[in-house]
Amino acid sequence: RIFLINIVCFVLISTISAQEANLAANYFKEGEFEKAAALYDKLYRQHNYNDYYFTQFYKSLVNLGEFSRCEKEVDAFLKAKPKEIQLFV
Numbered sequence: 019r020i021f022l023i024n025i026v027c028f029v030l031i032s033t034i035s036a037q038e039a040n041l042a043a044n045y046f047k048e049g050e051f052e053k054a055a056a057l058y059d060k061l062y063r064q065h066n067y068n069d070y071y072f073t074q075f076y077k078s079l080v081n082l083g084e085f086s087r088c089e090k091e092v093d094a095f096l097k098a099k100p101k102e103i104q105l106f107v
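And the structure:
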C-alpha cells in the first residue's frame, strides 16, 4: 500500500514539474523573461542543477540584462558541478 502511495506521489510530482517546464518554455518563447527566469531557477534547483534548466535560466537573466546575477549564478553552479567546463568561458 505504501508502495502504491509512493508511486502516485512520484507521478504527480513529475507531472507538475513537466507542466512548470512547459510553462517556463512558453514564457521564454513569448519574451516574458522574468517569469521564465523564476520558473527555470526553481526547476534547475529542484532537479539537482540540471544543465538544460540552468542554461535557460541563464539565458533569461541575460535577456533581462541581469549580468551581475548571471555571474553569481554561474559561480554557484560551478561549485555544485565543477566539471562543467563550458561555463568557465
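For the sequence shown, the working numbering gives the first residue as 19, with consecutive numbering after it. The C-beta atom is built at its ideal place from N, Cα and C for all residues, glycine as well. Since the structure is predicted, the reported quantities are computational estimates derived from the model, not experimental observations.
- When the five nearest sequence neighbours on each side are left out, the beta carbons in the same chain lying within less than 7 Å of the beta carbon of Arg87 are those of Leu79, in order along the chain.
- Per DSSP, Glu50 lies in no alpha helix (DSSP H) segment and is marked neither H nor E.
- DSSP, read as helix, strand or coil, puts Asn66 in coil.
- At a Cβ-Cβ threshold of 8 Å, Tyr67 and Tyr58 do not count as neighbours.
- DSSP places Glu84 in the coil class of the three-state scheme, outside both helix and strand.
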